[in-house]
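Colleague:
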Amino acid sequence: MNIENFDLSDLEGVGPVTKKKLEDSGVHSMMDLVVRGPVELGEISSMSSEICEKIVTIARKRLAETGAITKDFASGSEIYKRRQSIGMITTGTDALDALLGGGIETQAITEVFGEFGSGKTQFCHTMCVTTQKPKEEGGLGGGVMYIDTEGTFRPERVVTIAKANNMDPAKLLDGIIVARAYNSSHQVLILEEAGKTIQEENIKLIISDSTTGLFRSEYLGRGTLASRQQKLGRYIRLLARIAETYNCAVLATNQVSSSPDSFFGDPTRPVGGNVVGHASTYRIYFRKGGKNKRVAKIIDSPHHPASEAVFELGERGVQDTEEHLKQLDKEAKKAEKEAAKPVKKSKAKAKADGPEGVDATPAIEPEGIDTAAAEPEDIGTIVSESADAGEPADPELE
Numbered sequence: 001m002n003i004e005n006f007d008l009s010d011l012e013g014v015g016p017v018t019k020k021k022l023e024d025s026g027v028h029s030m031m032d033l034v035v036r037g038p039v040e041l042g043e044i045s046s047m048s049s050e051i052c053e054k055i056v057t058i059a060r061k062r063l064a065e066t067g068a069i070t071k072d073f074a075s076g077s078e079i080y081k082r083r084q085s086i087g088m089i090t091t092g093t094d095a096l097d098a099l100l101g102g103g104i105e106t107q108a109i110t111e112v113f114g115e116f117g118s119g120k121t122q123f124c125h126t127m128c129v130t131t132q133k134p135k136e137e138g139g140l141g142g143g144v145m146y147i148d149t150e151g152t153f154r155p156e157r158v159v160t161i162a163k164a165n166n167m168d169p170a171k172l173l174d175g176i177i178v179a180r181a182y183n184s185s186h187q188v189l190i191l192e193e194a195g196k197t198i199q200e201e202n203i204k205l206i207i208s209d210s211t212t213g214l215f216r217s218e219y220l221g222r223g224t225l226a227s228r229q230q231k232l233g234r235y236i237r238l239l240a241r242i243a244e245t246y247n248c249a250v251l252a253t254n255q256v257s258s259s260p261d262s263f264f265g266d267p268t269r270p271v272g273g274n275v276v277g278h279a280s281t282y283r284i285y286f287r288k289g290g291k292n293k294r295v296a297k298i299i300d301s302p303h304h305p306a307s308e309a310v311f312e313l314g315e316r317g318v319q320d321t322e323e324h325l326k327q328l329d330k331e332a333k334k335a336e337k338e339a340a341k342p343v344k345k346s347k348a349k350a351k352a353d354g355p356e357g358v359d360a361t362p363a364i365e366p367e368g369i370d371t372a373a374a375e376p377e378d379i380g381t382i383v384s385e386s387a388d389a390g391e392p393a394d395p396e397l398e
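Numbered by full-length UniProt numbering, the letters in the sequence shown go through residues 1 to 398 in order.
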């Protein structure tokens, strides 16, 4: 059942005045009510805590009755069935899709971190194109909301990637809603007011590039760390709420810093600490791999194994390496060769069937002749006599 068909005024206790207050506060659906909760609802709408508690409780019960959300307790089978509605957006590369189990997942935050030039923004531009592909081609046929905090969105790059994918550049650009954030407060405000746009434009992917850049530049020194983390935590929670409320995917890029206490291994660490780390469903580390190659490594995931994938930056955005394509071609040819081979019979079946080309059916003995009791010379005499009599000789006895 489509929960977007439920109007807020259908809830008990929500009249025209209350509905207007909710919509003016950025609440446009029952799911939005439930995910925000009574405390946040009271802060943004100026309604009393009692009214907020009542409205949220009624909305939760209504959605639970329709199966849109789980009840207080649910079986694993119910959760599994509910997760079948989750969509996947292809990354445009076989290697990354295999790494992520199909692509970028809806109702989840996929964080990509790495140093400058590691391919984060190029990945975002590629996802702007693949998201708008039809479902049969790995996309979701929906729009993209691009929150640009560093001024790095380039429509020219989207045009290049679109042409390489044989897609209409003008149509793709119309499907991308870009919001330029100039400070951390503006960045949070964009998300707070994004609900209506997400519904109207059928947004299926939210891109936050970069998620931590403005927070990092505005809050300097240890004295402001607590304030920064609190505000950053609110922004990340908004991303998570939007992902679940509107069943869309979130791709968040993150900057890195170098850990001074790391004497062995890679000292690169994502910015944001535990606030970002715990909120992200999937964490992927991008690093340079020589020439134009890049390496993606899964750092944290609820169900993916720790593994790596190699890709490169090219005309199609992020794309498979030539070596990977050759390997895929080799495997395809091997599979075709195996399929063309005749099916080998087991020894028992081969023995039962007899030698190839020979009829294994027992020969029919001439009627009235006891071949077991006859001597060799007697058999020859009998066959000769049968032939002389005009009867066809049995080839099995010749």
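Ideal placement from N, C-alpha and C gives every residue a C-beta, glycine not left out.
Mark L22 as exposed unless 16 or more other C-beta atoms lie within 10 angstroms of its C-beta, in which case mark it buried.
Modeller: When all chains shown are included, L22 counts as buried.
Colleague: Give the straight-line distance between the Cα atoms of Q199 and A249, rounded to the nearest whole angstrom.
Modeller: 14 Å
Colleague: How many angstroms separate the CA atom of A170 from the CA atom of E156?
Modeller: 11 Å
Colleague: Assign V17 to one of two classes, buried (16 or more other C-beta atoms within 10 Å of its C-beta) or exposed (fewer than that).
Modeller: exposed
Colleague: Would you list the residues sitting across from F311 in a DSSP beta bridge?
Modeller: Per DSSP, R294.
Colleague: To the nearest angstrom, how far is it from the Cα of S29 to the Cα of E338?
Modeller: 54 Å
Colleague: If I measure Cβ to Cβ from A162 and keep anything under 6 Å in the same chain, skipping five residues before and after, which residues do I get?
Modeller: V129, P169 and L172
Colleague: Within the same chain, show all residues whose beta-carbon is closer than 7 Å to that of L63, passing over the 5 residues directly before and after it, in chain order.
Modeller: I3, M30, M31, V34 and I69
Colleague: Output needed for V188: all residues of its chain with C-beta closer than 8 Å, excluding positions within five of it in sequence on either side, in chain order.
Modeller: K231, R234, Y235 and L238
Colleague: Look at the alpha carbon of G314 and the alpha carbon of S184, and state the distance between them as a whole number of angstroms.
Modeller: Pairing G314 with S184, the inter-Cα distance amounts to about 32 Å.
Colleague: Between the beta-carbon of T90 and the beta-carbon of F123, is there less than 9 Å?
Modeller: no
Colleague: Beta-carbon separation of K133 and N165 under 9 Å?
Modeller: yes
Colleague: How close, in whole Å, do the beta carbons of I58 and E12 come, if the pair is a contact with beta carbons under 8 Å?
Modeller: Contact flag correct, Cβ pair sits at about 6 Å.
Colleague: Looking at C-alpha atoms only, which residue of D209, A279 and G101 is the closest neighbour of residue 399?
Modeller: It is not possible to answer for residue 399, since the shown part of the chain is limited to 1 through 398.
Colleague: What residues are listed by DSSP as bridge partners for V159?
Modeller: Its beta-bridge partners do not exist; DSSP assigns none.
Colleague: Name the DSSP bridge partner or partners of Q319?
Modeller: Note: Q319 sits in a beta bridge opposite E312.
Colleague: Measuring alpha carbon to alpha carbon, tell me which residue in N247, F286 and Q255 is nearest S210.
Modeller: Among N247, F286 and Q255, the Cα nearest to that of S210 is on Q255.
Colleague: Along the chain, which unbroken stretches of the alpha helix (DSSP H) at least 4 residues long are found entirely within the segment 163 to 233?
Modeller: 169 to 174, 184 to 192, 195 to 200 and 213 to 218
Colleague: Between the alpha carbons of L328 and R287, how many angstroms are there, rounded?
Modeller: 24 Å
Colleague: What number of angstroms, rounded off, separates the C-alpha of E115 from the C-alpha of P267?
Modeller: 12 Å
Colleague: Report back the beta-carbon spacing between T93 and V276 to the nearest angstrom; my notes put them in contact at under 8 Å.
Modeller: Contact doesn't hold; Cβ gap of about 25 Å is too wide.
Colleague: Among H303, R241 and S45, which has the Cα closest to the Cα of G195?
Modeller: Answer by Cα proximity: R241.
Colleague: According to DSSP, is E105 part of a helix, a strand, or is it coil?
Modeller: strand
Colleague: Looking at the structure shown, is T91 part of a helix, part of a strand, or coil, going by DSSP?
Modeller: coil
Colleague: Do you know how far the Cα of G15 is from the Cα of G138?
Modeller: If you take the alpha carbons of G138 and G15, they lie about 42 Å apart.
Colleague: Are N247 and T160 closer than 9 Å when you measure CB to CB?
Modeller: No. Outside cutoff.
Colleague: What would DSSP say about G15, mapped onto helix, strand or coil?
Modeller: Residue state, collapsed to three classes: coil.
Colleague: Output the distance between the C-alpha atoms of I44 and T149, rounded to the nearest integer angstrom.
Modeller: 24 Å
Colleague: May I ask you to list the residues that DSSP assigns as paired with K288?
Modeller: DSSP lists R294 as partners of K288.
Colleague: Would you identify the three-state DSSP class for T130, choosing helix, strand or coil?
Modeller: helix
Colleague: With a CB to CB cut of under 6 Å and the five nearest residues on each side skipped, what residues in its chain are close to Y282?
Modeller: T110 and S301
Colleague: For E312, which option in E322, H303 and H304 has the closest C-alpha, if you only look at C-alpha atoms?
Modeller: E322
Colleague: Would you kindly check if the distance between the Cβ of G143 and the Cβ of I203 is under 9 Å?
Modeller: At a Cβ-Cβ threshold of 9 Å, I203 and G143 count as neighbours.
Colleague: Determine which residues share a DSSP beta bridge with N254 and list them.
Modeller: F113
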